[in-house]
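Protein sequence lines correspond, in order, to chains W and S.
Plus 22 on top of the position in the first sequence (first one is 1) and you've got my numbering.
Plus 22 on top of the position in the second sequence (first one is 1) and you've got my numbering.
In what follows, a structure is listed as C-alpha cells, so that the remarks can point back to it.
Number of protein chains: 2
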Amino acid sequence: MTTYKDAGVDAALKAELLKSLSGRVQAGRPEVIGGLGGFGGLFRAPTGKEMVLVATTDGVGTKTELARMLDRYEVVGTDVVHQSVNDALAAGAEPLFFLDYFASGVLSPDIFTRVVDAVAAACAANGCALLGGETAEMPGVFAPGAFDIVGFLVGAAEREALLDPAAVRDGDALVGLPSTGLHTNGYSLARLVVSRLAENEGRSMVDALRAPRPLLGGTLGDALLQTHRSYLADVRALRAATEVKAMAHLTGGGWEGNLPRALPAGMGAQVDRGAWTVPPLFRFLAEAGRIADEELWDTWNMGIGMVAVVSDPAAAVRAVPGAVRLGSVERLRAGAARRVRFA
Amino acid sequence: MTTYKDAGVDAALKAELLKSLSGRVQAGRPEVIGGLGGFGGLFRAPTGKEMVLVATTDGVGTKTELARMLDRYEVVGTDVVHQSVNDALAAGAEPLFFLDYFASGVLSPDIFTRVVDAVAAACAANGCALLGGETAEMPGVFAPGAFDIVGFLVGAAEREALLDPAAVRDGDALVGLPSTGLHTNGYSLARLVVSRLAENEGRSMVDALRAPRPLLGGTLGDALLQTHRSYLADVRALRAATEVKAMAHLTGGGWEGNLPRALPAGMGAQVDRGAWTVPPLFRFLAEAGRIADEELWDTWNMGIGMVAVVSDPAAAVRAVPGAVRLGSVERLRAGAARRVRFA
C-alpha cells in the first residue's frame with residue numbers, strides 16, 4: 023500500500039514539530055487572541071485616530087545557501103523578521119504581527135527548529151507577535167538540502183504619522199544609518215564572487231569562506247553572515263529627535279533602486295560618498311569579483327542600510343550612534359537618467 | 023567585469039515585470055492608500071465594534087509541478103488566493119487584503135505574469151485588495167523550472183462574529199460543502215500515483231495525465247488541476263441562513279487533521295460517509311495508487327472542502343447548493359485515538 027510518506031512528505035513529523043514549536047512561541051502582545059491551531063491567527067485591530075495597516079512580504083533570497091554552507095541557520099531566521107520590520111519602519115509604521123513560511127524539499131527538524139526559533143526570538147525582541155506560519159514540504163521543487171524562509175509582517179501607524187515622499191522638499195537633508203553588511207540582498211552575486219575566489223585559490227567554497235582575511239579582520243563567511251540589522255530602536259530615536267519626512271530601506275536594487283522611493287517625482291538625491299567609510303566587505307567583494315562601481319551601488323547598500331529625509335540633520339546625527347549626514351535632496355536635472363547623484 | 027546578471031539574477035527584468043504588473047493590479051478596495059512602490063502596502067484599519075484581524079499564510083505545495091507539466095499556471099494563482107480566503111472564512115472573517123510571494127530559480131516572465139494575473143483576478147473576485155508582493159529569483163535553490171507561489175491574507179471580523187469551537191455542543195449538526203477535487207493538498211502523493219500509473223502504462227507522466235479516463239469523464243490532468251474552490255459566497259449564504267458555531271477548512275491532514283480544529287477538547291465528530299458520493303478522482307487515485315483507506319482520509323478532503331457546525335442543518339442545506347448533512351458532534355469516548363468517527 024502507498025502512503026503519503028512514500029511520496030516524500032512526513033505529515034506526522036511536521037505535526038510533531040509544530041506542536042513542539044507552539045510551546046516556544048510567545049504570543050508576545052496583548053492584542054493576540056487565542057493560541058496556535060486555528061485557521062487564522064487572531065489579533066485585535068488597532069484602535070485610535072485613523073489607524074493605517076502597513077503590510078509587507080519578503081524572503082532572504084539565497085543567503086539561505088550561505089547559511090547552509092556554514093551551518094548558521096539562525097541568521098536567516100533573524101534576518102527575515104528584521105527586514106520586514108525595517109520595511110514597516112520605512113513606511114512610518116511600527117510592527118504588530120508576523121507570519122513565517124518555511125519551505126524545503128525534505129523537512130529537516132534541525133534546520134526548521136533553528137530557523138523558526140530565531141524567527142520567534144527576533145519577533146519578541148522587536149515587539150512583534152508571531153501570529154502564525156506555514157511549513158511546506160515540496161519534494162522535487164527544491165534543490166537537495168535547499169530551503170526558503172519568507173516573512174509577512176503587518177504594522178500600523180496613525181495616518182498622520184505615515185511617512186510620505188510628497189512632504190519632501192528641495193534641499194532637505196539626508197541622513198544614513200549604518201548597515202551590518204549585505205543584509206539580505208545581492209547574495210547570488212556574492213556567492214558567484216566566492217565561488218570564483220575559491221577556484222582561484224584552489225580550495226572549496228567552504229574553505230574560502232572560513233579562511234582568515236586580514237582586510238576583513240576575520241573570515242569572509244562571518245562578514246557575509248552578519249544579521250540584517252533591525253532599525254527599530256534607531257528609527258524611534260530619530261523620530262523623537264527630528265521631523266522625519268520619508269525613509270528608504272536600501273534592499274534589493276541598492277541605492278538607485280531604493281532611495282528614489284523616498285522622494286517625490288522630479289526630485290533626486292545628492293549623496294557624498296566621503297561621508298562614511300564603505301566597509302571592507304564591500305571593497306573585498308568588489309576587488310575579488312572585479313565588479314564595476316555602478317553595479318556595486320545598484321546591488322548592495324555599501325554600508326548604509328536606511329536613509330532618512332529629515333528636517334534637522336544635526337539633531338538626527340546626535341540622536342543615533344553611527345548616523346551620518348549624507349547629502350541632500352535636489353531637483354532632478356532635465357533628462358537625468360538616474361535619481362541618485364554621487365559626489 | 024562581473025555583473026549581478028552573471029550571477030543568474032536579472033534585476034532589470036524583474037523591475038520591468040513589476041512595472042507592467044502595477045498597471046494591471048486593481049487596488050480593489052476603498053481602504054487602500056497610495057499605489058505600489060512603497061516599502062509596505064497601506065490599508066485603512068477596519069473600524070467598528072471590537073474588530074479583530076485574522077491573518078493566514080499558505081502555499082499551494084507541489085500542485086505547482088502539475089501546473090508546470092500541463093502548462094496551466096493560472097490555476098495555482100487562483101488557488102493561492104482561494105485557500106487563504108477559506109482559512110479566513112473558517113475563522114469567521116471576510117478577506118481584506120492579500121500579498122503574494124513568487125519564487126523561482128530563474129524568473130520566467132511568462133510564468134510569473136500568468137500566475138500573478140490569476141492572483142489579481144482572484145483577489146478582485148473575492149473582494150480582496152492585492153496590496154503587495156515579492157518576486158524572488160533564487161538561482162541554485164529551486165530545481166530547474168520549478169517555482170513556488172505563497173499567499174498571505176488578512177481578513178477581519180467583529181469579535182462577536184468570530185467562530186469559536188468553544189461554542190460547539192454535543193449533538194450539534196455538521197454540514198459539508200462540496201470540494202472541486204484535491205484543492206491544494208496531497209499533490210506529492212497524487213504525483214507519485216501518476217508516475218507509477220505512467221510507468222505501468224508504459225508512457226510519460228504528461229501522456230498519462232492527458233489520456234481520457236472513462237471513470238473521470240475526462241483526463242486525470244483536468245481532474246487534478248481543478249481550482250481550489252472559494253467558499254466566500256457559500257459561507258455568506260450559510261451564515262445568513264443559520265447560526266454557524268465553528269468551521270473547518272479540510273486542507274493538509276485531511277479529515278482527522280482539520281475537523282477537530284473546529285471542535286472543543288473532549289468532543290469528536292461522527293460522520294456518515296454515505297451522506298455524499300466521494301468523487302471519481304479520489305476513487306481513481308486510491309485504486310491506481312493502492313492507498314489505504316485511512317491514508318486517503320488523512321490526506322485528502324474526499325469531496326468535502328469545508329465543514330460547518332450549525333444550529334439548523336435543514337436551513338443550511340436549503341441555503342447552499344450541494345451542501346450535505348454529514349453527521350453530528352459527539353462526546354469523545356475515553357481513550358479514543360481519533361476524533362473523527364466514520365459511520
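Where is the CB? At the ideal position from N, CA and C, for every residue including glycine.
- Exclusion of the five residues before and after VAL74(W) leaves ALA178, ALA179, ARG181, LEU184 as the residues of its chain whose Cβ lies within less than 7 Å of its Cβ.
- At a cut-off of 8 Å, the C-beta of PRO68(S) has a neighbouring C-beta in chain W.
- In the displayed model, VAL190(W) falls within coil according to three-state DSSP, outside both helix and strand.
- DSSP places HIS250(W) in the coil class of the three-state scheme, outside both helix and strand.
- Here ASP315(W) is exposed. Its C-beta has fewer than 16 other C-beta atoms within 10 Å.
- For the segment 179-225 of chain S, the continuous alpha helix (DSSP H) assignments of 4+ residues that do not extend past its boundaries occur at 209-223, in sequence order.
- When secondary structure is reduced to three states using DSSP, LYS85(W) falls in the helix class.
- Rounded to the nearest whole angstrom, the C-alpha separation of ALA143(S) and THR100(S) is 8 Å.
- Residue range 302-311 is occupied by the alpha helix (DSSP H) that includes ALA310(W).
- Judged by DSSP secondary structure, MET289(W) falls within the beta strand (DSSP E) whose first and last residues are 289-293.
- Flagged as an interface residue toward chain W: GLU317(S), by a C-beta distance shorter than 8 Å.
- GLU221(S) counts as exposed, since fewer than 16 other beta carbons sit within 10 angstroms of its beta carbon.
- The beta carbon of LEU118(W) sits closer than 6 Å to the beta carbons of VAL176, GLY177, ALA178 from its chain, once the five residues preceding and following it are set aside; these are given in chain order.
- Contact of TYR95(W) with chain S is not assigned, every C-beta pair being separated by 8 Å or more.
- Chain W places no beta carbon closer than 8 Å to that of ASP101(S), leaving this residue out of the contacts.
- Between VAL351(S) and ARG191(S) the beta-carbon gap is near 7 Å, inside 8 Å, which marks them as a contact.
- Chain order gives the chain W residues near PRO161(S) as THR84, SER210, where near means a beta carbon separation below 8 Å.
- For THR157(S), the enclosing beta strand (DSSP E) stretches over residues 151-159.
- Around the beta carbon of SER42(W), a 10 Å sphere encloses fewer than 16 other beta carbons of the protein chains shown; the residue is thus reported as exposed.
- Closest by C-alpha distance to GLU278(S), out of THR86(S), GLU317(S), LEU35(S), ALA308(S), is GLU317(S).
- Burial is judged here by how many other beta carbons sit within 10 angstroms of a residue's own beta carbon; ASP229(W) has fewer than 16 and is exposed.
- Listed along the chain, the chain W residues whose CB falls inside 7 Å of the CB of ALA110(S) are GLY62.
- For the segment 262-275 of chain W, the set of positions with a beta-carbon nearer than 9 Å to some beta-carbon of chain S reads MET269, ALA270, HIS271, THR273, GLY274, GLY275 in chain order.
- DSSP lists no bridge partner for MET324(S).
- In the structure shown, ALA165(W) falls within a coil segment according to DSSP collapsed to helix, strand and coil.
- Beta-bridge analysis with DSSP links LEU75(S) to PHE65(W), ALA178(S).
- At the C-beta level, ALA359(S) and ALA259(S) stay beyond 8 Å of one another.
- When the alpha-carbon of GLY198(W) is set against those of VAL107(W), GLY167(W), ARG295(W), ASP109(W), the nearest one is in ARG295(W).
- In the three-state scheme derived from DSSP, where H, G and I count as helix and E and B as strand, GLY114(S) is classed as coil.
- A Cβ of chain W is located within less than 8 Å of the beta carbon of VAL172(S).
- With contacts defined by Cβ atoms closer than 8 Å, GLY290(S) and LEU354(S) form a contacting pair.
- With a cut-off of 8 Å on Cβ pairs, the segment 126-145 of chain W is not in contact with the segment 270-284 of chain W, counting fewer than three such pairs.
- Excluding five sequence positions before and after PHE134(W), the CB atoms of its chain that fall closer than 7 Å to its own CB belong to LEU39, PHE124, THR157, given in chain order.
- Residues of chain W with a Cβ closer than 7 Å to the Cβ of MET73(S) are, in chain order, ALA67.
- With a cutoff of 8 Å on beta-carbon distance, LEU153(W) and PHE65(W) are scored as near each other.
- Classified as exposed, GLU72(S) has fewer than 16 neighbouring CB atoms from the shown chains inside 10 Å of its CB.
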